[in-house]
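Peer 1: I'd like to ask some things about the structure below.
In this note's numbering, the protein residues as written are 92 to 665.
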């Protein structure tokens with residue numbers, strides 16, 4: 092266990108073998124622990140677009156590649172030096188040999204295994220022995236402290252026998268052989284056997300960090316956190332900020348309670364979740380799985396975690412009366428059945444190798460989700476991700492009103508039910524997206540720049556998405572909203588809901604939110620609005636503050652959300 096894990100400890104579990112428990116009481120949203128994983132790499136799909144060390148996003152042109160191996164890319168000299176000290180000094184030479192042979196970047200699991208074999212993450216010195224003319228790395232000098240990675244991996248389950256009997260075992264052997272060869276080890280039976288076991292531990296215990304906008308961004312191994320068991324109704328969550336892993340409580344956790352996270356996207360239908368968990372060799376027995384709860388039922392069964400009333404969707408408090416919970420008119424059963432079918436269809440559409448225009452693909456996905464739309468089941472997968480993707484499409488077209496309306500739909504009718512805690516990173520990102528779009532609608536004068544005669548065509552920024560009637564409603568609605576104040580309040584919420592302390596400045600989203608707030612603060616003539624917003628921020632539970640929040644945030648976003656529904660139906664409906 093690492094020094095960072097003083098807030099948690101591993102204890103025996105009668106049903107799960109081992110469990111990670113909290114040593115103290117933790118409130119919803121509070122940080123349980125922060126740690127830096129000894130092994131962390133960008134996924135192969137993002138190897139050229141994020142910094143290898145801090146994972147900050149940058150285009151291929153803005154990242155500087157290691158001149159020797161070309162397999163590590165950095166946003167600046169500080170990250171390059173830090174990564175050299177942490178890992179790259181050991182892997183650079185073999186990676187350069189791979190690159191020199193014209194083999195390109197190694198698959199992420201192979202590179203992780205090679206790092207383990209090379210002693211990356213070890214606190215002890217490395218000794219070298221010659222094997223077949225190449226270096227053979229062995230861990231630890233005599234009498235030194237045990238290494239973090241080797242000790243951590245030794246405690247983890249490999250399920251090697253299950254892997255050995257599975258269809259993927261030849262791939263495991265091939266990756267283990269390659270990693271041994273690249274690390275300069277002899278590729279004899281003993282080394283391959285040990286490498287295969289480590290590879291199984293990596294495949295079983297590595298965390299795949301996925302971003303809703305970018306997909307799977309990184310893979311990391313943290314032995315302490317790997318002790319956490321899974322639940323599709325977890326009481327904690329993991330967030331990756333730079334190279335820091337933040338473990339936060341989703342619900343109230345008492346000292347001695349087991350800490351559980353979700354290994355997969357728990358908002359997807361049960362069959363999809365079970366398929367994703369096959370690698371871990373267990374079947375989840377949580378309430379969500381045993382009763383096959385739809386997303387609204389799971390929301391109703393979850394503890395309330397609304398902190399300081401900072402929710403743009405207060406209707407979630409009444410979710411127990413939702414038709415998809417009570418099964419009024421068979422709505423709950425329909426939510427489950429349609430979700431299974433629509434998810435399979437949308438996954439097939441997204442994975443199709445046939446080149447398809449973006450709008451055509453979105454329309455095909457919408458048609459698969461249309462039964463959910465007709466039943467107002469906006470939070471049921473795969474509809475929420477489609478809503479976000481359509482919002483991004485409108486933003487790319489610079490159709491700011493339509494983008495804003497669909498983003499409000501995602502924030503209030505989708506994500507608020509899928510992820511009950513308002514501090515969930517996906518919900519925080521949703522608020523920030525709305526704030527960014529408001530900065531565009533306010534700056535562009537979208538509320539008043541409307542001409543009925545000219546609005547049938549024109550530039551991408553003036554297209555009538557969903558028809559002229561819907562577009563007119565959007566602009567008239569924006570006319571009566573204080574867009575700058577709404578943007579300002581949402582940015583304050585983003586900063587208050589994000590992890591606190593020094594980590595806040597390491598998250599790109601919170602840095603951008605802070606900069607936007609600074610810009611708003613410099614606008615002239617807003618003393619009255621700023622005073623009201625400061626009063627609300629200081630005491631959001633006050634009756635006057637709650638009334639102000641409803642007037643300035645909840646009601647406008649609800650109105651825009653309803654127009655977002657019209658935008659989708661008008662543009663993509665059958």
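Every residue gets a Cβ at the ideal spot worked out from N, C-alpha and C, and that includes glycine.
(1) How many Å lie between residue 612 and residue 606 at the Cα?
(2) Does the ligand NAD have even one heavy atom less than 7 Å from the beta-carbon of residue 507?
(3) By alpha-carbon positions, which one of 267, 333, 285 and 402 ends up nearest to residue 593?
(4) Tell me whether the stretch 346–357 and the stretch 104–114 touch, counting them as touching only if at least three CB pairs, one residue from each stretch, are closer than 8 Å.
(5) In this structure, how does DSSP classify residue 250 when only helix, strand and coil are distinguished?
(6) Do residue 560 and residue 585 have their C-beta atoms within less than 8 Å of each other?
(7) Under 8 Å, with one C-beta from each stretch per pair, do the stretch 168–181 and the stretch 131–148 reach the 3-pair mark?
(8) Is it true that the CB of residue 201 sits closer than 8 Å to the CB of residue 118?
(9) Return yes when the Cβ of residue 309 is within less than 8 Å of the Cβ of residue 129, no when it is not.
(10) So what does DSSP say about residue 357, is it helix, strand or coil?
(11) Hey, how far is the Cα of residue 650 from the Cα of residue 513?
(12) Taking 8 Å as the limit between beta carbons, can you name the residues of its chain near residue 115, skipping five residues before and five after?
(13) Looking at the structure shown, is residue 634 part of a helix, part of a strand, or coil, going by DSSP?
(14) Hey, could you find the ends of the alpha helix (DSSP H) residue 531 is sitting in?
(15) Taking its Cβ as the centre, do 16 or more other Cβ atoms sit within 10 Å of residue 265, making it buried, or is it exposed?
(16) Tell me whether the beta-carbon of residue 131 lies closer than 8 Å to the beta-carbon of residue 373.
(17) Could you give the C-beta distance for residue 263 and residue 305, rounded to a whole number, given that I count them as a contact under 8 Å?
(18) Taking the C-alpha atoms as reference points, what is the distance between residue 102 and residue 250?
(19) Using 8 Å as the cut-off, can you tell me whether the stretch 570–587 makes contact with the stretch 638–658, which would need three or more C-beta pairs spanning the two stretches below that distance?
(20) From which residue to which residue does the alpha helix (DSSP H) around residue 104 run?
(21) Would you give the residue range spanned by the alpha helix (DSSP H) that residue 296 belongs to?
(22) Please classify residue 193: is it buried, with 16 or more other beta-carbons within 10 angstroms of its beta-carbon, or exposed?
(23) State the beta-bridge partners of residue 113 as determined by DSSP.
(24) Looking at the secondary structure, which residues open and close the beta strand (DSSP E) in which residue 336 lies?
(25) Taking DSSP as the reference, what is the three-state secondary structure of residue 585?
(26) Is it right to say residue 540 is buried, meaning 16 or more other beta carbons lie within 10 angstroms of its own, or is it exposed?
(27) Could you check if residue 657 is buried or exposed, using at least 16 other CB atoms within 10 Å of its CB as the buried criterion?
(28) For residue 163 and chain B, any beta-carbon pair shorter than 8 Å?
(29) Should residue 417 and residue 386 be called a contact, given that it needs their Cβ atoms to be closer than 8 Å?
(30) Tell me the DSSP secondary structure of residue 575 in three-state form.
(31) Evaluate residue 449 with the Cβ neighbour count: other Cβ atoms within 10 Å of its Cβ, from every protein chain shown; 16 or more gives buried, anything less gives exposed.
(32) Quick check on the DSSP output: the beta strand (DSSP E) that includes residue 133 runs from which residue to which?
(33) Give me, in chain order, the residues of the same chain whose beta-carbon lies closer than 6 Å to that of residue 518; leave out the 5 immediate sequence neighbours on both sides.
(34) For residue 153, collect the residues of the same chain with a Cβ closer than 8 Å to its Cβ; drop the 5 residues on either side in sequence, then sort them by chain order.
(35) Taking the continuous alpha helix (DSSP H) assigned at residue 266, which residues delimit it?
(36) Kindly indicate which residue of 515, 527 and 576 has the alpha-carbon position closest to the one of residue 327.
Peer 2: So, from the listed chains and residues:
(1) Taking the chain shown and counting its residues from 1, one reaches residue 612 at position 521. Taking the chain shown and counting its residues from 1, one reaches residue 606 at position 515. Spanning the two alpha carbons is a distance of roughly 10 Å.
(2) Judged by which ligands are present, the structure shown has none, so any question about the ligand NAD falls away.
(3) Position 502 of the chain shown, counted from the first residue, corresponds to residue 593. Cα-wise, what sits closest to residue 593 is 333.
(4) Contact between the stretch 346–357 and the stretch 104–114 is established, with three or more Cβ pairs separated by less than 8 Å.
(5) Reading the chain shown from its first residue, position 159 is the one you call residue 250. Annotated three-state conformation of residue 250 is coil, per DSSP.
(6) For the purposes of this step, residue 560 is taken as the residue at position 469 of the chain shown. For the purposes of this step, residue 585 is taken as the residue at position 494 of the chain shown. Result no, Cβ atoms of residue 560 and residue 585 do not sit closer than 8 Å.
(7) By the Cβ rule, the stretch 168–181 counts as touching the stretch 131–148, because three or more pairs are nearer than 8 Å.
(8) Here residue 118 is taken as the residue at index 27 of the chain shown, counted from 1. Here residue 201 is taken as the residue at index 110 of the chain shown, counted from 1. Contact flag unset, no.
(9) For the purposes of this step, residue 129 is taken as the residue at position 38 of the chain shown. For the purposes of this step, residue 309 is taken as the residue at position 218 of the chain shown. With contacts defined by Cβ atoms closer than 8 Å, residue 129 and residue 309 do not form a contacting pair.
(10) Counting from one through the chain shown, the residue named residue 357 turns up at place 266. Note: residue 357 maps to coil in three-state DSSP.
(11) Residue mapping note: residue 650 aligns to position 559 of the chain shown, counting from 1. Residue mapping note: residue 513 aligns to position 422 of the chain shown, counting from 1. The straight-line gap from Cα to Cα measures roughly 20 Å.
(12) Counting from one through the chain shown, the residue named residue 115 turns up at place 24. The beta carbon of residue 115 sits closer than 8 Å to those of 98 and 346, all from its chain and outside the five residues before and after it, given in chain order.
(13) Taking the chain shown and counting its residues from 1, the one referred to as residue 634 is at position 543. Of the three classes helix, strand and coil, the one that applies to residue 634 here is helix, per DSSP.
(14) Taking the chain shown and counting its residues from 1, the one referred to as residue 531 is at position 440. Looking at the DSSP string, the run of the alpha helix (DSSP H) that includes residue 531 is 516–535.
(15) As a first step, residue 265 must be located in the chain shown, where it is residue number 174. Result: exposed.
(16) Within the chain shown, numbered from 1, the residue matching residue 131 stands at position 40. Within the chain shown, numbered from 1, the residue matching residue 373 stands at position 282. In this structure, residue 131 sits away from residue 373, with a CB-CB distance that is not shorter than 8 Å.
(17) The residue given as residue 263 occupies position 172 in the chain shown. The residue given as residue 305 occupies position 214 in the chain shown. About 28 Å separates the two Cβ atoms, so there is no contact after all.
(18) The count along the chain shown starts at 1 and reaches residue 102 at position 11. The count along the chain shown starts at 1 and reaches residue 250 at position 159. Inter-residue distance for residue 102 and residue 250 is about 20 Å (C-alpha atoms, whole angstroms).
(19) Judged by Cβ distances under 8 Å, the stretch 570–587 makes contact with the stretch 638–658, as three or more pairs qualify.
(20) Counting from 1 along the chain shown, the entry for residue 104 is found at position 13. Counting along the chain, residue 104 falls outside any alpha helix (DSSP H), though it belongs to the beta strand (DSSP E) covering 99–104.
(21) In the chain shown, the residue the question calls residue 296 occupies position 205. In the DSSP assignment, residue 296 falls within the unbroken alpha helix (DSSP H) covering 280–296.
(22) In the chain shown, counting from the first residue as 1, residue 193 sits at position 102. The residue in question, residue 193, is exposed, as its Cβ has fewer than 16 Cβ neighbours within 10 Å.
(23) In the chain shown, counting from the first residue as 1, residue 113 sits at position 22. DSSP, once it has assigned bridges, lists 99 as partnering residue 113.
(24) Counting from one through the chain shown, the residue named residue 336 turns up at place 245. Element bounds for residue 336: 335–340.
(25) Numbered from 1 along the chain shown, position 494 holds the residue referred to as residue 585. Helix.
(26) The residue you call residue 540 lines up with position 449 of the chain shown. Because residue 540 carries a pLDDT of 43, less than 50, the predicted location of this residue cannot be relied on, and the following value inherits that uncertainty. The Cβ neighbour count for residue 540, taken over all protein chains shown within 10 Å, is under 16; the residue is labelled exposed.
(27) Taking the chain shown and counting its residues from 1, the one referred to as residue 657 is at position 566. Buried: at least 16 other Cβ atoms inside 10 Å.
(28) Of the protein chains in the structure, only one exists, and it is not chain B.
(29) As a first step, residue 417 must be located in the chain shown, where it is residue number 326. As a first step, residue 386 must be located in the chain shown, where it is residue number 295. Going by C-beta atoms, residue 417 is not nearer than 8 Å to residue 386.
(30) Translated into the one-based positions of the chain shown, residue 575 becomes position 484. Residue state, collapsed to three classes: helix.
(31) Mapped onto the chain shown, residue 449 falls at position 358. Exposed, by the Cβ-count rule.
(32) For the purposes of this step, residue 133 is taken as residue 42 along the chain shown, with counting starting at 1. Counted as a single uninterrupted DSSP element, the beta strand (DSSP E) harbouring residue 133 occupies residues 130–133.
(33) On the chain shown, position 427 is the one that residue 518 refers to. Apart from the 5 residues on each side of it in sequence, residue 518 sits with its Cβ closer than 6 Å to the Cβ of 506 and 510 in its chain, given in chain order.
(34) Within the chain shown, residue 153 is the residue found at index 62, counting from 1. Answer for residue 153: 166, listed in chain order.
(35) Taking the first residue of the chain shown as position 1, residue 266 is located at position 175. Looking at the DSSP string, the run of the alpha helix (DSSP H) that includes residue 266 is 260–274.
(36) Position 236 of the chain shown, counted from the first residue, corresponds to residue 327. Nearest neighbour of residue 327 by Cα position, chosen from 515, 527 and 576, turns out to be 515.
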